[in-house]
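K.L.:
Note that our numbering has the sequence shown beginning at 948, numbered continuously upward.
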Amino acid sequence: MNILITGAGRGLGFQLTKLAVERGHQVIACVRDIGDHSENLPALAKGFPELLRIERMNVTREDDVAELAKKLSGESVKLDGIINNAGVLLAREHKIGTLPIDQLLLTFEVNLFGPMIVLKHLTSLLTDDAGANVVNISSEAGSFAGAYGGDYPYAISKAAVNMLSKQLNEELRPRGIRVLAVHPGWIRTDMGGDKAPMEASESASGILDILERKTIVSEEAFFVDHRGRQMSL
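This is the structure we're talking about:
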């Protein structure tokens, strides 16, 4: 498979990239800053030079995304999967009365508008009728059933990602493309913290199984966990 992954420089994105090339997939690893790789993405690229390419793409800048789409199209690149992984978790300590609106707006720019921009420009490169998938990394925080009166920017942006995933799944279904919002679990990353019960590599393995369609997800489901189990909305 040829897979494009955003936010590939660290955390879950890096683990998805690492595992994907280890499984023999070709990966376009997208990072906001080509010089910022906290988990040594360039070293991974040296180890898998024929499978991994690193591209700079800030998902909040439509010009960046359009430029990469044009570049890939010019190379006749076709994608079998897109993983929208880039995300932020901001203003955790705030309730509604002190919520900094600038951090709310930034969260939506990265967590929601970013995937929308990516999909606007890159879904045309997805292969038709060949089992292509889009995975939008969501969260149980975006579940209405699990609302807990906190993390307003993150939770609301992820609820919107779920809707985006459902909408896009309906649009792309005639092309044989599946779109899913995936809760990765509480994982040990900079975002999840060191108290999280699961390694990012375990979540990455489950997500790739979904992308590869090794894990069968029921047709009616569009919001699932990393094992493909339907999540409550």
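Cβ atoms here follow ideal geometry from the backbone N, Cα and C, with glycine treated the same way.
What are the boundary residues of the alpha helix (DSSP H) that includes Asp1156?
P.N.:
Counting from 1 along the sequence shown, the entry for residue 1156 is found at position 209. Counting along the chain, the alpha helix (DSSP H) containing Asp1156 begins and ends at 1147-1158.
K.L.:
Provide the residue span of the alpha helix (DSSP H) that contains Leu966, from first to last.
P.N.:
As a working mapping, residue 966 is identified with position 19 in the sequence shown. Where Leu966 is concerned, the enclosing alpha helix (DSSP H) stretches over 958-969.
K.L.:
Where in the stretch 1075-1129 do unbroken runs of the alpha helix (DSSP H), each at least 4 residues long, occur, reported from the N-terminal end onward?
P.N.:
The stretch 1075-1129 contains these whole alpha helix (DSSP H) runs: 1099-1119.
K.L.:
Below 9 Å between beta carbons: does that hold for Asp1027 and Thr1074?
P.N.:
In the sequence shown, counting from the first residue as 1, residue 1027 sits at position 80. In the sequence shown, counting from the first residue as 1, residue 1074 sits at position 127. Yes, the pair counts as a contact, with Cβ atoms nearer than the cut-off.
K.L.:
Hey, quick one: how far does the beta strand (DSSP E) through Phe1169 stretch, first residue to last?
P.N.:
By 1-based counting over the sequence shown, the position of residue 1169 is 222. Element bounds for Phe1169: n/a, residue is neither H nor E.
K.L.:
State the beta-bridge partners of Asn949 as determined by DSSP.
P.N.:
Position 2 of the sequence shown, counted from the first residue, corresponds to residue 949. Asn949 is bridged to Gln973.
K.L.:
Taking Cβ to Cβ, would you say Gly956 is nearer than 9 Å to Arg979?
P.N.:
Taking the first residue of the sequence shown as position 1, residue 956 is located at position 9. Taking the first residue of the sequence shown as position 1, residue 979 is located at position 32. Yes, the pair counts as a contact, with Cβ atoms nearer than the cut-off.
K.L.:
Assign Phe1170 to one of two classes, buried (16 or more other C-beta atoms within 10 Å of its C-beta) or exposed (fewer than that).
P.N.:
Within the sequence shown, the letter at position 223 stands for residue 1170. That one is buried.
K.L.:
Leu1059 and Val1108 look like a contact to me (Cβ under 8 Å); what is the Cβ gap, rounded to whole Å?
P.N.:
Locating residue 1059 in the sequence shown gives position 112, where the first residue counts as 1. Locating residue 1108 in the sequence shown gives position 161, where the first residue counts as 1. With a Cβ gap of about 6 Å, Leu1059 and Val1108 count as contacting.
K.L.:
Mapping the DSSP letters down to three states, classify Leu1015 as helix, strand or coil.
P.N.:
The count along the sequence shown starts at 1 and reaches residue 1015 at position 68. Three-state DSSP puts Leu1015 in a helix.
K.L.:
Since Leu998 and Val968 should fall inside the 8 Å C-beta cutoff, what is the C-beta to C-beta distance between them, to a whole number of angstroms?
P.N.:
Start at 1 with the first residue of the sequence shown, and residue 998 comes out as number 51. Start at 1 with the first residue of the sequence shown, and residue 968 comes out as number 21. Confirmed, Cβ separation roughly 4 Å.
K.L.:
Rounded to whole angstroms, what's the CA-CA distance from Val974 to Arg1000? Just pull it up for me.
P.N.:
Within the sequence shown, the letter at position 27 stands for residue 974. Within the sequence shown, the letter at position 53 stands for residue 1000. For Val974 and Arg1000, the distance between alpha carbons rounds to 6 Å.
K.L.:
Spell out a yes or no on whether the stretch 1149-1169 and the stretch 1126-1140 are touching, meaning 3 or more CB-CB pairs, one atom from each, closer than 8 Å.
P.N.:
yes
K.L.:
Hey, Ser1020 and Leu1072 are a contact pair by Cβ (cut 8 Å); roughly how many whole angstroms apart?
P.N.:
As a first step, residue 1020 is located in the sequence shown; it is residue number 73 there, counting from the start. As a first step, residue 1072 is located in the sequence shown; it is residue number 125 there, counting from the start. About 6 Å; that satisfies the 8 Å criterion.
K.L.:
Tell me the start and end of each unbroken alpha helix (DSSP H) in the stretch 1002-1061 that is at least 4 residues and wholly inside, in chain order.
P.N.:
1009-1021, 1048-1055
K.L.:
Just checking, does the stretch 1092-1099 make contact with the stretch 1034-1050 on the three C-beta pairs under 8 Å criterion?
P.N.:
Yes: at least three Cβ pairs fall under 8 Å.
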